[in-house]
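All remarks here apply to the structure that follows.
Chains as they are written, first to last, in our numbering: chain A, 12 to 356; chain B, 12 to 356.
What follows is the structure, given as structure tokens:
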């Protein structure tokens with residue numbers, strides 16, 4: 012599998028431990044791991060940006076990566092489930108693209124090891140972008156001269172391949188990190204960066220046991236080898252109103268991929284970064300608000316009923332995880348003269 | 012009706028006449044007319060840009076103005092007809108937003124006098140953005156604090172109204188002009204800005220009679236008072252293969268709005284600027300390529316069968332009308348914390 016360049020965070024962790032903050036928490040590194048076989052450079056990132064925003068990667072020219080993972084709205088579409096070509100609805104909530112580069116496996120069920128592997132999925136998924144085959148994707152992009160040129164510049168002769176489409180998109184996605192949240196500034200020593208309520212929430216996270224899973228720089232679990240997703244069962248406690256109300260058992264999670272009994276209702280632990288901005292919540296997007304999501308998690312994972320104050324503090328903590336979205340440049344998509352590659356759809 | 016500040020182009024026209032180029036042609040002014048009751052300023056343009064890109068203006072949060080009038084792809088979606096909420100297809104090809112500010116009436120049938128009037132339509136159209144009422148639009152935006160603030164800053168207290176949504180969007184759209192096409196540079200004196208073929212095409216435009224309608228700075232007819240669209244019949248000659256093949260009589264055009272007999276198959280003359288980049292062609296998007304569109308126009312409007320060379324020259328001329336798209340800044344859309352305004356859709 013692909014090697015990862017690990018960011019050294021030991022110094023921060025030591026500092027955190029000294030100031031009495033649990034080692035479960037670490038600031039978000041400025042750069043995500045980069046696989047050795049897909050180094051980043053400006054041309055590749057720009058090509059990836061174009062592809063990410065290009066609806067011509069969908070069969071009828073209506074859906075781009077950005078349609079569901081919208082970088083203008085926190086890397087998601089803020090819908091329960093996304094809408095693909097022909098108005099088709101998906102089965103799961105679109106995870107945010109921001110900081111996805113820090114995850115050791117992609118998709119809710121971790122079925123893709125890398126961003127590169129992930130990017131190949133939706134383009135060919137019949138209810139997402141609906142392209143019939145890799146060949147049709149390549150044939151279409153070959154009709155757009157600037158793309159052919161750009162792929163050759165970035166990847167060499169014959170560079171326009173399905174693998175390289177995914178590599179370029181992944182390179183762009185590795186720029187989508189949101190550092191310097193109030194909580195990161197707090198971890199780096201600014202005591203006033205977060206509210207007292209958020210500080211109580213932070214301590215509650217550990218006391219209740221949330222940090223058993225939501226730890227590490229992305230609050231999505233430990234830094235595992237690429238492809239080895241950090242999975243947990245959800246819901247654990249099923250005999251409560253929430254499981255029924257929000258239909259949390261209908262989707263069997265990772266089991267749908269592996270068909271192994273032990274993977275039933277196992278999910279990749281999602282990041283908590285920017286969670287205040289990525290409503291609605293959970294794999295099926297069934298929970299509308301962050302405070303309700305906190306109550307659901309406490310009940311289904313810890314069998315705890317939280318007080319109003321506890322919920323408020325936890326939400327204040329989660330709100331402190333909203334980072335700085337890097338300024339986004341709008342691509343100018345390559346043109347075709349006198350015809351459209353989706354004009355016959 | 013709204014007054015317009017007319018751009019003075021007399022000097023250019025005189026210059027053109029002197030150099031032997033027909034007065035049918037004028038360079039595109041750098042600025043479009045601005046209505047006196049909606050002056051432009053930076054805050055209003057920025058608010059309009061946000062609204063233009065915000066899919067939360069559609070009922071299910073999937074369609075923005077930019078979905079169909081995509082400024083990354085020449086102000087259109089390059090599809091025969093656009094796709095709105097729930098996968099619904101519209102009846103007509105989405106006109107480009109670029110240089111729409113120069114048109115004296117909007118929509119293919121001219122049913123809106125101004126960009127402001129136009130912007131109000133698609134949001135409430137059930138097959139486009141599908142919002143059930145102006146009130147629902149306003150109620151939704153009121154849940155987004157930054158929008159409330161921005162409307163107050165731009166329009167004063169209580170500024171968040173449906174009319175002002177349209178005003179902000181129109182102000183942004185008036186920045187979407189594409190000056191300095193090769194043909195504009197030619198008109199301004201650069202003899203080498205366009206090819207010899209394009210020059211022959213330019214002369215053919217006049218000789219054949221295309222410029223009877225496609226004249227003026229936008230090649231969409233004379234500069235008429237706001238709301239008084241420049242309408243022409245299409246197709247005029249109906250006894251030919253094209254009318255049947257491309258189903259050009261199915262849609263009765265302006266008649267669908269006025270129900271007047273004389274408006275049957277009357278259409279607002281579309282701009283030719285950037286036409287090489289806005290395939291497919293005509294009100295129903297039925298013609299895939301620019302050369303075929305040229306043949307169709309010659310036959311249906313002038314009863315002429317063009318030679319291959321004539322088509323080639325006309326296409327070369329039309330390609331010289333591709334202007335410079337101004338660099339686009341990606342908006343960061345206002346956020347809601349802990350919930351989504353489209354999360355229950």
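Note that CB positions come from ideal geometry on N, CA and C, so glycine has one too. A quick note: this is a predicted structure, and the numbers were derived from the prediction, not measured.
- Those residues of the stretch 319 to 330 of chain A placed with their C-beta closer than 9 Å to a C-beta in chain B are 326, 329, 330, ordered along the chain.
- In chain order, 275, 276 place their CB closer than 7 Å to the CB of residue 263 of chain A, counting only its own chain and leaving out the 5 sequence neighbours on each side.
- In the three-state reduction of the DSSP assignment, residue 117 of chain A falls in the strand class.
- Interface with chain B (7 Å Cβ-Cβ cutoff): residue 354 of chain A is included.
- Between residue 324 of chain B and residue 212 of chain B, the gap from beta carbon to beta carbon is short of 7 Å.
- DSSP places residue 244 of chain B outside any alpha helix (DSSP H); the residue lies instead in the beta strand (DSSP E), whose first and last residues are 242 to 244.
- Close CB contacts of residue 241 of chain A within its chain, under the 7 Å cut and outside five residues either way in sequence, are with 115, 231, 232, 233, 235, 279, 280 (chain order).
- The criterion of a C-beta distance shorter than 7 Å is not satisfied by residue 173 of chain B and residue 59 of chain B.
- Along the stretch 60 to 73 of chain A, going in chain order, the ones with a CB nearer than 9 Å to a CB of chain B are 61, 64, 65, 66, 67, 71, 72, 73.
- Residue 277 of chain A: member of the beta strand (DSSP E) spanning 277 to 279, first to last residue.
- Inter-residue distance for residue 302 of chain B and residue 316 of chain B is about 13 Å (C-alpha atoms, whole angstroms).
- For the pair of segments examined, the stretch 90 to 102 of chain A was found not to touch the stretch 211 to 226 of chain A: the number of CB pairs separated by less than 8 Å stays below three.
- When DSSP states are grouped into helix, strand and coil, residue 156 of chain B belongs to the helix group.
- Contact of residue 194 of chain A with chain B is not assigned, every C-beta pair being separated by 7 Å or more.
- Residue 189 of chain A sits away from residue 104 of chain A, with the two beta carbons spaced by 7 Å or more.
- Taking all protein chains shown into account, residue 326 of chain A has 16 or more neighbouring C-beta atoms within 10 Å of its C-beta and is therefore buried.
- Residue 70 of chain A sits buried, since 16 or more C-beta atoms from the chains shown fall within 10 Å of its C-beta.
- Nearest C-alpha to residue 291 of chain A among A/192, A/128, A/84, A/340: A/84.
- Positions of the alpha helix (DSSP H) runs, each at least 4 residues long and wholly inside the stretch 61 to 106 of chain A, are given as 76 to 79 in order along the chain.
- When secondary structure is reduced to three states using DSSP, residue 353 of chain B falls in the coil class, being assigned neither helix nor strand.
- Between residue 246 of chain A and residue 311 of chain A a beta carbon distance of about 3 Å is seen, short of the 8 Å cut, so the two are scored as contacting.
- Only those residues of the stretch 204 to 226 of chain B whose C-beta falls short of 8 Å from the nearest C-beta of chain A would be listed, and there are none.
- By alpha-carbon distance to residue 106 of chain B, the top candidate from B/288, B/225, B/345 is B/288.
- Residue 268 of chain A and residue 122 of chain A have their C-alpha atoms some 7 Å from each other.
- Spatial neighbours of residue 228 of chain B in its own chain (CB-CB distance under 7 Å, excluding positions within 5 residues in sequence) are listed in chain order as 20, 37, 38, 39, 40, 113.
- One finds 349, 350 in chain A with Cβ atoms closer than 8 Å to the Cβ of residue 300 of chain B, taken in chain order.
- Contact annotation, residue 192 of chain A with residue 332 of chain A: C-beta distance approximately 5 Å; criterion of less than 8 Å satisfied.
- The beta carbons of residue 219 of chain A and residue 309 of chain A sit about 7 Å from each other, so the pair counts as a contact at 8 Å.
- The beta carbon of residue 235 of chain B does not come within 7 Å of any beta carbon belonging to chain A, so the residue lies off that interface.
- The C-beta of residue 226 of chain B has 16 or more other C-beta atoms within 10 Å across all chains shown, which makes the residue buried.
- Chain B places no beta carbon closer than 7 Å to that of residue 53 of chain A, leaving this residue out of the contacts.
- Going by beta carbons, residue 344 of chain B and residue 48 of chain B fall outside the 7 Å limit.
- Under DSSP, residue 227 of chain B shares a beta bridge with B/36.
- Within 7 Å of the CB of residue 89 of chain A, the CB atoms of chain B belong to 72, 351, 353, 354, in sequence order along the chain.
- For residue 308 of chain B, no CB of chain A lies under 7 Å from its own CB, so it is not counted at the interface with that chain.
- Taking each of A/208, A/155, A/94, A/185 in turn and checking the Cα distance to residue 44 of chain A, the smallest one comes out for A/185.
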